[in-house]
Structures are given as C-alpha cells and as structure tokens.
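Just so you know, we're using the UniProt record's numbering here: the sequence shown kicks off at 1 and counts up by one. For reference, the structure is listed below as structure tokens.
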Amino acid sequence: MSGILEEAYQRFHATGPEFDGALSNHGPMAVEAMVRHGHEREVHAWIDWYGARLDEPPRGLNPVTGENWREALGDRKRAMDWIAYMQREVRLRPWRDLLAEWWPRLLPGIVGGATHGVIRVGHCVRALLAEEPSQEISAGPRLEEFAHALGYWAALAKPLEVATPPRSGDAAAASALAAVPSVANQSISIGYRMSQLGETPGWSAAFEALRTPGTPEQAADLLAAVADAAVRDYLRRGQGNPVMLVHASTAPNAVLRTLPALPKRLWIPSLDAAWLATAAVTAAYRNTEAPAADVAAAIAQTGNAQETFDRAVRHRDEHAVKFADAALDSFERTADKEALAAATRATLMIQAAA
1 MSGILEEAYQ RFHATGPEFD GALSNHGPMA VEAMVRHGHE REVHAWIDWY GARLDEPPRG
61 LNPVTGENWR EALGDRKRAM DWIAYMQREV RLRPWRDLLA EWWPRLLPGI VGGATHGVIR
121 VGHCVRALLA EEPSQEISAG PRLEEFAHAL GYWAALAKPL EVATPPRSGD AAAASALAAV
181 PSVANQSISI GYRMSQLGET PGWSAAFEAL RTPGTPEQAA DLLAAVADAA VRDYLRRGQG
241 NPVMLVHAST APNAVLRTLP ALPKRLWIPS LDAAWLATAA VTAAYRNTEA PAADVAAAIA
301 QTGNAQETFD RAVRHRDEHA VKFADAALDS FERTADKEAL AAATRATLMI QAAA
C-alpha cells in the first residue's frame, strides 16, 4: 500500500482549500489519519465520496512576497496566494526551517477559521516526521501538502479580539477546562460566539487558571494534558455541538504533534496558543452535561482502540474520523477508556445529526 497517502494528497491538491463558501477541505487531514490507522484500502473510495462536494482551487489575487505578507495575513480570500508563496519557499529551504519561521507568526491567529489551519499543519507534520527516518525528504506530495497546509493557515490566521492576560494560576488541565464558562448566546457563527468572550463572567479567571510551565518539557506534558482533558470533556458535553466541539481537542493535539519538529524555544508559546484555542472553542460550543445514561451507553458500545477508529471510518464523516484519531492518541497516552468512549459518542452523535 506504499504511496497511498501521496496519491491522496495529489488528488486533494487539485481541489480548493475550502468549499461551499467557507467550509474547510478536511480531506488531507482525514486521509492522513486513515492511513496511519491501517485504512489505506478505503482511502480512494473515501475520496470519491468526499471529493464530490469539493470545489476547484480559486484563482490567486495578488502574489504574497517577503515584503507584503503582513497585509495578506489572515485574509482567507488570499488562500491561493499564500499557498503559492509557501510552495516557492519550501523548494528553497528545509521544511523545518520554514515551519520554525512561520509558526510564531501564525500562532496568535490559531483560532482563525475554527482552528482548521493548525490542525491541517499538524496532520501534515506527522506525515513528514513519519517519513524522515527512512529517507531525506526533498520533494513530493508530502512537502506539497506542507505548503498547502501552512499557506492555508496563513490565510486564516486572525487573532481573537479578546484580552488574554498572562496566566498566574496553578490548576491542572482538567480543572482549568472544567471552569471555562459558556458564552451567553451560543448561536450563529463561531466569530459571533467568540466575540462574547471578553464580557463572559468567569472567562478571564478560567483562562488564567491553567498553570504556567517552567520548561519546554513541562509545556509539552501540560499540552498533552489539555488535549486529553478536552477529549474526555467531549464525552459528557459534546452534545452542545457535536461537530464544532471536536476542535477543542483536535487543535491542541495538532500542536502537540508538531512540537518535535519545532525548536524548544517555541514549545511554551505553543502551549499558550493551544490552551487559548481549547478554552475559546469550549466556551463557544460546550453546553449542558449529557444524561448519565447517554454516557454509559457510549461506554458500553466502545470496543478497543482499533474498533473505535473503524467505527468512525465506517460512518465516513471527516470530523468523526479526525476526532477518533485524536482520541486514540489520548488513549495511547493515558490508557483511559473514556477517551475511546468519547470517540464512540462523537461518531454516534454526528451520525444522528447527518
């Protein structure tokens, strides 16, 4: 099955990064997860199904350069300009160097586009790191996907218009996440929901509560704990919005996957940005706690890790696949079966809403 991921990337690079106006193309992310978990044989059939809804790449508007990039940052209409820029750059220098340069520029806008930019980068970096031990990467679909992912994030990267004071708390990840309040009006777009954060009682205190790590290694451990807490939180609170709330865990997990490719000086800022993404998405979409019977039913229907991922693939939904992938990462770190049950519940709820 060698080359399946490369073939999949090539097919998706003939489509646009978004479709139906502003929906993110999840294809490259989902197929990377499918290949990683042994579903290579289903990839092309899945692309046939998913790709039918995608659009052709839009035209570029004005080339991004080393001089004008600041004015183009966060302009999703310039997505193809950004992708073309990253395609040029990745041919000129090692991908890790390009990542290290752009990562701190893009982190402040991690929530832009509902975090899809950083998630796509995280999936691609995992694919690049998986290939590195066996061969030197100089060209090919994986590098092309890196350019598409990084360029797409640059087009989405808009900082939240809410004050984020330095954290001063000492709370563990699960406790800090549990304290995040919900915005008052959970309707309309993610932008409207997040515009309420600054006026939401308890938001600042909850955001500041997460402890501050003293070393890059501590930041990595705390980031993993944030991703794990968000997965488990979904089990009981995911019904607020079964699709959108998956990003509270997939975003920090994407950052965590990227850390090994980044200089350690960027690990603590990466935690800070990922925590903001998790807390903001949680505040925007988390709702009341699910009935205990629903949680128990999800736990009862959950098998082992492979069975959990297989269920998501059978359902086909891209969010179910990506969340199951993140949940399996969490289960591997913690051996907590609630992580797998959260993936089961996500698949069931997304399937019911389809």
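Ideal Cβ placement from N, Cα and C applies to all residues, glycine included.
DSSP three-state call for residue i: helix, strand or coil?
i       : result
Leu-259 : helix
Glu-144 : helix
Glu-18  : strand
Ser-24  : strand
Ala-320 : helix
Leu-160 : coil
Ala-206 : helix
Arg-211 : strand
Gly-112 : helix
Gly-151 : helix
Gly-66  : coil
His-123 : helix
Asn-304 : coil
Leu-61  : coil
Find out if the Cβ-Cβ distance for the pair residue i, residue j is shorter than 9 Å.
i       : j       : result
Ala-229 : Leu-256 : no
Gly-16  : Glu-56  : yes
Gly-352 : Phe-323 : Inspection of the sequence shows that residue 352 is occupied by Ala rather than by Gly. For Ala-352 and Phe-323, no; Cβs fall outside 9 Å.
Ile-268 : Asp-317 : no
Gly-117 : Leu-99  : no
Glu-131 : His-13  : no
Ala-154 : Trp-103 : no
Asn-253 : Ser-330 : yes
Gln-301 : Leu-348 : yes
Leu-160 : Val-111 : yes
Can you tell me the Cα-Cα spacing of residue i and residue j, whole angstroms?
i           : j       : result
Arg-78      : Gly-21  : 14 Å
His-26      : Ser-270 : 23 Å
Asn-68      : Phe-146 : 21 Å
Asp-294     : Gly-240 : 14 Å
Ala-172     : Thr-344 : 26 Å
Leu-266     : Thr-200 : 30 Å
residue 364 : Asp-170 : Only positions 1 to 354 of the chain appear in this structure, which leaves residue 364 out of reach.
Met-244     : Phe-207 : 20 Å
residue 357 : Asp-221 : This structure gives no information on residue 357, because the portion of the chain shown stretches from 1 to 354.
Ala-84      : Pro-63  : 8 Å
Val-231     : Ala-339 : 6 Å
Considering residue i, what are the terminal residues of the alpha helix (DSSP H) in which it resides?
i       : result
Leu-106 : 95–106
Arg-91  : Arg-91 -> no alpha helix (DSSP H), and no H or E assigned at all.
Ile-188 : That residue, Ile-188, is in no alpha helix (DSSP H); it is neither H nor E in DSSP.
Pro-216 : 216–237
Gly-51  : 43–51
Pro-166 : Pro-166 -> no alpha helix (DSSP H), and no H or E assigned at all.
Val-243 : Unbroken run through Val-243: none, as it is neither H nor E.
Glu-338 : 337–353
Just checking: is the beta-carbon of residue i within a distance shorter than 9 Å of some beta-carbon in chain C?
i       : result
Pro-242 : Absence of chain C from the displayed structure is noted, only one protein chain being present.
- Message: For the pair the stretch 212–224 and the stretch 176–185, tell me if three or more CB-CB distances fall below 8 Å.
- Response: no
- Message: With three or more beta-carbon pairs closer than 8 Å as the criterion, would you say the stretch 277–289 touches the stretch 302–311?
- Response: No: the two stretches stay apart, fewer than three of their Cβ pairs being nearer than 8 Å.
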